[in-house]
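A.B. asks: Taking our numbering, the leading residue of the sequence shown gets 10, the next gets one more, and so forth. Note that beta-carbon positions come from the ideal geometry of N, C-alpha and C, so glycine has one too.
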Amino acid sequence: MKVAYFPGCSLHSTGIEFDISVQEVCKALGIELQEIEGWVCCGATSAHATNHLLSLALPAYSLALAERMDVEDVVAPCAACFNRLKHAEVLCRDEETFKKVKELLPIPWENRLRVRNLLDIFSEMLDEIKSKVKNPLSDLKLASYYGCLLLRPPHICQFDNPENPQTMDELLKALGAQVVDWAFKTECCGANLTIPRSDLVVELTYRILKSAKSAGADAIVTACPFCHLNLDARQADIQRVKGEVFNIPILYFTQAVGLALGIPAKKLGLNRHLVSPFLIPALRRR
C-alpha cells in the first residue's frame, strides 16, 4: 500500500517520536509512506481564525503537490493536520469555494485525493495487525484519548462517532490491551492555549489525567501531538499547582502498535517522553 505522507510541523519537531514510530510501524505493516515533497504548514493552529480562505489554501497547496504523485490517499497522522487538510478537501467540494482557493495556488489542483488519518487505515487492517502481534499488550490497561481534532466538526472529519468513538479502542484491543472505559476520551486538552493560557491547560489536563487514573489506566494513548505535549509536559505543573502526582505515561497509538509488533522501545521513540513510559513495569520488560 502506497500513500502520500504529510508529516506536518510537529512530527518534524516537538512530536518527532510520533514520526519515528509511524515510520517503523508502517514499514512493519507494508505501508509505503512517500513524503510529499515541498509540503507546507497546514495552518494549524491559527490560520482558520485569521483568514478563512488562506486556511484552506495552505493545506490545498500540499494536496496539490500530492496529486503529482501516484497515490489515491494522503495520510496525516497528526490529528490537527488531518483536521485542516480535511477542511480543504470537504469545503472545496463547493464549486465557488474551490474556484477561490484554486486562484490562490501557484500550481493546479483538482481536489481528487482522499485525506485520511493513519488510525483509519489501521482500522481496515485489524486482522493483519493482529496476526503480526508478537508481544500482546495484555498486561497493560490503556485509555484511548481522541481529543477534539480527529472528530470535530463531524461533518468535516467524518471519522467515527464524535461522542463515543471506538476506532482506537478496537485497535488497542487487537493488540491484546485492556481498554478502560472512561468519560474523558473526547474532552479538550486545551491544545494551543498551552502558552497563552497555561492555567486553563493545567486545569483541563488535570481533569483528563484524573479521569484516566480513576479508571485504572496505566497509560493514555493519543493520536495528536498537541494532546501528547499537554498531557505529558503539564504533569509537572499539575503537581506544583494541584499537589497531585500522576506519573501517567502518554503514548502515541503507533508506539502501542510497535510494542505489540515486537519493535524495540527505543526504536519507537519511547525514551523521548517527559513522563517515562518505563515507569510501567510491563514496559520495562520490553
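Would you tell me roughly how many angstroms separate the C-alpha atoms of Glu41 and Leu159, rounded to the nearest one?
C.D. replies: Their backbone Cα atoms lie some 23 Å apart in a straight line.
A.B. asks: Could you check which residue in Ala85, Ala58, Met177 and Ser19 has the C-alpha nearest to that of Ser71?
C.D. replies: Cα-wise, what sits closest to Ser71 is Ala85.
A.B. asks: Between Tyr155 and Lys95, how many whole angstroms is the CB-CB distance? I'm expecting something under 8 Å.
C.D. replies: Their Cβ separation, rounded to whole angstroms, is 15 Å, which puts Tyr155 and Lys95 out of contact at 8 Å.
A.B. asks: When you compare only the Cα positions, how much space is there between Ser220 and Trp191?
C.D. replies: Ser220 and Trp191: Cα-Cα distance of roughly 7 Å.
A.B. asks: Note down the Cα distance separating Val188 from Leu292, rounded to an integer number of angstroms.
C.D. replies: Distance between the alpha carbons of Val188 and Leu292 is about 16 Å.
A.B. asks: Taking the continuous beta strand (DSSP E) assigned at Val254, which residues delimit it?
C.D. replies: It is not in any beta strand (DSSP E) - Val254 carries neither H nor E in the DSSP assignment.
A.B. asks: Count the other C-beta atoms from every protein chain shown that fall within 10 angstroms of the C-beta of Glu98, then say buried if there are 16 or more, exposed otherwise.
C.D. replies: Flag for Glu98 reads buried.
A.B. asks: Quick one: Cα of Lys182 to Cα of Gln32, how far?
C.D. replies: Rounded to whole angstroms, Lys182 to Gln32 spans 22 Å at the Cα level.
A.B. asks: For Pro286, tell me which candidate among Ala228, Leu38 and Asn92 has the shortest Cα-Cα distance.
C.D. replies: Taking only the C-alpha atoms, the option nearest Pro286 is Ala228.
A.B. asks: Ends of the alpha helix (DSSP H) at Tyr215?
C.D. replies: Segment Ser207 to Ser223, the alpha helix (DSSP H) holding Tyr215.
A.B. asks: For a minimum of 4 consecutive residues, which ranges assigned as the alpha helix (DSSP H) are wholly contained in the segment 125-160?
C.D. replies: The segment 125-160 contains these whole alpha helix (DSSP H) runs: 127-132 and 135-141.
A.B. asks: Sort out for me which residues DSSP pairs Arg123 with in a bridge.
C.D. replies: Bridge partners of Arg123: Asp82.
A.B. asks: Run through DSSP, which three-state label would Gln43 get?
C.D. replies: DSSP places Gln43 in strand when its eight states are reduced to three.
A.B. asks: Mind checking which residues open and close the beta strand (DSSP E) that includes Thr231?
C.D. replies: Taken as a continuous stretch (DSSP letters only), the beta strand (DSSP E) holding Thr231 covers Ala228 to Thr231.
A.B. asks: Near Cys157, what residues of its chain come up, given a Cβ to Cβ distance below 6 Å and the 5 sequence neighbours on each side ignored?
C.D. replies: Excluding sequence neighbours, Cys157 sits near Cys197.
A.B. asks: According to the neighbour-count rule (16 or more other Cβ atoms, all chains shown, within 10 Å of its Cβ), is Ser147 buried or exposed?
C.D. replies: Counting Cβ neighbours within 10 Å, Ser147 comes out exposed, since fewer than 16 surround it.
A.B. asks: When the Cα atoms are used, what is the spatial distance from Ala186 to Leu149?
C.D. replies: If I take the Cα positions, the gap works out to 6 Å.
A.B. asks: Does the Cβ of His282 have 16 or more other Cβ atoms within 10 Å, making it buried, or fewer, making it exposed?
C.D. replies: It is buried - the Cβ of His282 has at least 16 other Cβ atoms within 10 Å.
A.B. asks: For a test of the three-state rule: what should DSSP assign to Ala265, helix, strand or coil?
C.D. replies: Three-state DSSP puts Ala265 in a helix.
A.B. asks: Looking only at its chain, what residues have a beta carbon closer than 6 Å to the beta carbon of Thr214, apart from the 5 residues adjacent to it on each side?
C.D. replies: Counting only Cβ-Cβ distances below 6 Å, and skipping sequence neighbours, we find Cys198, Asn239, Leu240 and Arg243.
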